[in-house]
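Residue numbers (the working numbering): 1255 to 2407.
Notes follow the structure.
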């Protein structure tokens, strides 16, 4: 097939991150756009290059980094790599689409011309013959002849391949199958040793599409077994002749294949030695006998397959080779004038041809698209400043994680070498204040820019052990000073000479003011400085790195974890073990169910959290962790050692998975049959192993929660899910000033004592009972905005509590009967204050199409509003964040698949048809929240979130689901932050767009770019704390709907939620700074039913327990320690009232109800 008919495959974007950057990433070469981390030229080395010239060529996704670091994208290193690959792909979308259209149109035109020509020359018969050749493969398969020849593709070494090689092999298998299936004479095709990672890719990423293939067999056994089996299926009615043979095809074989014999099996594989050891005859294709090659005679699997199928059709090796071998290999048929039409192949000397061909094509590849700023890039490494002769010190680590690229400037023949810093999650936020003060000086903090000139003496080196280094002179430093860019181990070695060649060509163009495309190899060698003395090592002591391929040793990891433990001890999060405490013992493992499919199986170290010492203790240095499907959307995690089964656990949301790629660890919770909880840690040998395991586990968790196959999820959404479950916290930088401010605030508040309400002294204890004997408990809480009141729902009653000036709760009254206008009692499913807190809107769970209005002055329901006959009300929210402070009548409602406005003033149905947005599919909406401007956020039980700027239209932004249903939603007043509550974690989403054409806009106002959806911060309790919580309560996590503190003209600074008997608050400041201790807790003696901040403050929290209502100072919450989690909780003495437990005058908890 002609090379232009089979364009180079673009790399897929769903690859395992472990090998994502192994192919050279030449952004200019593949006509991609510059990355967001590439700024406009700003160098002090050459004023002429400071052009800042965008030339309108940076459209279609090209985005320069803002000079203000506050506006820079806040993305992790892992996300940064994904964005780069996605940019490369998306930048070519329009081009690919245009090319496809052009090819389709040209193909149709060629076919029309061919049909006309056939009709003129041979009439209808010629036309029919021509149409026969254009039949699709499905019809060709039905009409083709199956010959007694077997072609076996052996995949026995796919587990030793790099991920990109496995991806390539899967594409080659697909193409081989297509070629054989569509050939007029086809062979039996077999894929052997199909039982490892390649099968896993076909089963997951490729959605088991091979199960629908016809005329092909997939076998777990090796090629030798397949060859024996082939004898059986090639037999004719009279059996198979004795002269059939088995031949192992290898380019290393000294034998040459001359023909394909009937009843023979030909094995396409990669290990010549294996065939020799098994005593199987070997041979190579007769390429050298028919073709003069300008490159190696090694072909891809699909090329070998197609050549053999072509030979069956043509019976001529030379013709088969010329139809299949790509033109880029420069093949010319011997004794014939036919050959490659590429003029760069012409010449007298083969070596000169090859060299010129390489230089010209690389030049064209790198420099061909002048509209692109970035030419080539090395995506990951470390930048050092080395001073071997300086008293300032030997070396300095400038950027711990950075990317190196060569960029164009605004002037012709001028290029820059740019080293751009890559930020970890939270790093930019921690240094935001410094940026504001630093101004333009901070540009140098984020990137280093060097004009590519021969004065730099740019050179490269690949050292013993595989370290790859770029080096160049520091022209502004002392004699001998060098900058060194030490490439990450994941960068392939062949990327270095390509980068060096690009640097040579840039220097050539700067020196001679002409294009380098005609430069010879000798012309470029003048810029090579390999003869200089060896590049000094960047640091005698290796600097730490978080590179993808870097693998911490067991000792390193243990030391790192120990450091974390010491940090937590210093913060009071972990206390030393008491001498009398028994260490935590692992429970017996549950029996493993029968596995239907294995999703992940990896080796690791196993550690268990020891409750007395507060540390993870190693249990087994070599275990196998297996995630498998056991049927009916159920999945199982089994951890097995060489001597025992350690644990078996169903894969459910309660395992609370956290992946930490810095320590190569996976922490999760495990539950014994008696309900006891344990926290375990798996430590993997490298990040690639952990990522494979993460993919399998998250696939299982996703499918279990959604009952939908992982492979059906969009690739971007899968990446979104995987990133959200990483541990993105950073090492905490002590912020003494912040802690001192908090302590000062606490001291100021210490006299705002929270005493109990004053009860009438003549009330006798004997007159009351502890609580009503109707079996009801407090269930919902509504906090007033306009007036200082809180309302607590208890069955068909509502208690009213006043907020006093000294931050206390005072019981006001009780609304004893919640009943419809017809006199039917009901327990409200949901309540919302309305119209300056004078009304309350209630929903009866037995009548989802109606809502009720209670006049709080009279304490009775006065109106029933029929919303719609066919559209029920699943949830509702105020028109704007602070609508309940006004007399606004309208509010927002949602059913499972519709969003609408409700206007009580309408006659008949209260739903406003003009503001109805109804979806055809069932979105299962569960929660609604609004901003001060009336922007709307809607969440669903599927776990996704939609953002609207108004009703009646499509959502501006759609945030994919992570798996768990969303049970609660809140939005900051300005719309910047969206807070979603799932059962076992919270999601904090930044809706502000920081790049692209909608920079500065909210996701409510403008859509996010396809590849720039906001990455959520997953707020969860640390697995060790979860284990301790559940160790004490014997119940799984179940968060109540989380809320921001809120108030007119006030900033959201805290988040409140509860699980079981614990209330939990997160500090927004600590969360955004990536602190390890962002939350505090308080334990009660009973389960917390509902909670919220007092309006206008984050200092006081209102908490509804089953039979009590409290207002507690936030300062009463403590850091989660062994003591604060275990209790014992303070349970004050109390007298009884008919509303609950009555407290004494000096008790902490204020109002029983």
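Where a beta carbon is used, it is the ideal one built from N, C-alpha and C, also for glycine.
Short Cβ contact (7 Å threshold) for residue 1964 with residue 1953 = yes
For the putative contact between residue 2222 and residue 2296, defined by C-beta atoms under 8 Å, what is the C-beta separation to the nearest angstrom?
-> 6 Å
When we look at the beta-carbon of residue 1365 and count the other beta-carbons within 10 Å, is it buried (16 or more) or exposed?
-> exposed
Beta-carbon spacing of residue 1871, residue 2277 below 7 Å | no
According to DSSP, is residue 2277 helix, strand or coil?
-> helix
Alpha carbon to alpha carbon, how far is residue 2108 from residue 2084? Give it in angstroms, no decimals.
-> 13 Å
Could you tell me the distance, in whole angstroms, from the CA atom of residue 1762 to the CA atom of residue 1576?
-> 38 Å
Just mark residue 1552 as buried or exposed, buried being the case when its beta carbon has 16 or more other beta carbons within 10 Å.
-> exposed
Is DSSP giving residue 2017 helix, strand or coil here?
-> Because the pLDDT of residue 2017 is 32, which lies under 50, any placement of that residue in the model is unreliable, and the question is left without a value.
Counting Cβ pairs, one atom from each stretch, are 3 or more of them under 8 Å apart for the stretch 2216 to 2234 and the stretch 2285 to 2296?
-> yes
Would you list the residues sitting across from residue 2042 in a DSSP beta bridge?
-> DSSP lists no partner for residue 2042.
Got a sec? Which residues, its chain only, sit under 6 Å from residue 1907 by beta carbon, not counting five neighbours each side?
-> 2218 and 2238
Sequence-distant residues of the same chain with beta carbon closer than 7 Å to residue 1519, five excluded per side = 1404, 1406, 1481, 1484 and 1500
Please name the residue, chosen from 2240, 2236, 2235 and 2269, that lies closest to residue 2246 on a Cα-to-Cα basis.
-> It is 2269 whose Cα lies nearest to the Cα of residue 2246.
Residue 1458 CB to nearest heavy atom of the ligand FAD below 6 Å | Looking for the ligand FAD in the displayed structure turns up nothing, as the structure carries no ligands at all.
Report the rounded CA-to-CA distance for residue 1411 versus residue 1449, giving the unit in angstroms.
-> 10 Å
Range of the contiguous beta strand (DSSP E) that encloses residue 2408 = An answer regarding residue 2408 cannot be provided, because it is not within the stretch 1255 to 2407 covered by the chain.
DSSP-derived helix/strand/coil call for residue 2178 = In this structure, residue 2178 counts as coil in the three-state DSSP scheme.
When the Cα atoms are used, what is the spatial distance from residue 2114 to residue 2203?
-> Distance from the CA atom of residue 2114 to the CA atom of residue 2203, rounded to whole angstroms, is 35 Å.
Pick out whichever of 1745, 2350 and 1770 has its Cα sitting closest to the Cα of residue 1723.
-> Ranking 1745, 2350 and 1770 by Cα distance to residue 1723 puts 1745 first.
Coil, strand or helix - residue 1957 by DSSP | helix
Complete runs of the alpha helix (DSSP H) confined to the stretch 1756 to 1792 [at least 4 residues] = 1775 to 1779
Identify, in the order they occur along the chain, each residue of the same chain with its Cβ nearer than 7 Å to the Cβ of residue 2259, setting aside the five sequence neighbours on each side.
-> 2203 and 2210
Just mark residue 1747 as buried or exposed, buried being the case when its beta carbon has 16 or more other beta carbons within 10 Å.
-> exposed
Residues near residue 1938 by beta carbon distance below 6 Å, same chain, minus five either side | 1858, 1918 and 1944
Expressed to the nearest angstrom, what Euclidean distance is found between the alpha-carbon atoms of residue 2183 and residue 2201?
-> 10 Å
In whole angstroms, what is the alpha-carbon distance linking residue 1883 and residue 1905?
-> 10 Å
Cβ-based burial, residue 1994 [other Cβ within 10 Å; buried from 16] | Residue placement at residue 1994 is poorly supported in this model, since its pLDDT is 38, which falls under 50; the coordinates still yield a value, given next. When all chains shown are included, residue 1994 counts as exposed.
To the nearest angstrom, how far is it from the Cα of residue 2309 to the Cα of residue 1707?
-> 54 Å
Can you give me the Cβ contacts of residue 2166 inside the same chain, cut-off strictly under 6 Å, excluding the 5 residues immediately before and after it?
-> 2155 and 2157
Given residue 1567, which residues of its chain have a CB within under 7 Å of its CB, disregarding the five upstream and five downstream residues?
-> Excluding sequence neighbours, residue 1567 sits near 1437, 1438 and 1439.
Anyone know if the C-beta pair for residue 2044 and residue 2055 falls short of 7 Å?
-> yes
Taking Cβ to Cβ, would you say residue 1738 is nearer than 7 Å to residue 1640?
-> yes
Is the number of C-beta pairs between the stretch 2073 to 2084 and the stretch 2110 to 2125 that are closer than 8 Å three or more?
-> yes
Alpha-carbon spacing of residue 2263 relative to residue 2242, whole angstroms | 19 Å
Based on Cα-Cα distance, which residue from 2339, 2279 and 2160 lies nearest to residue 2373?
-> 2279
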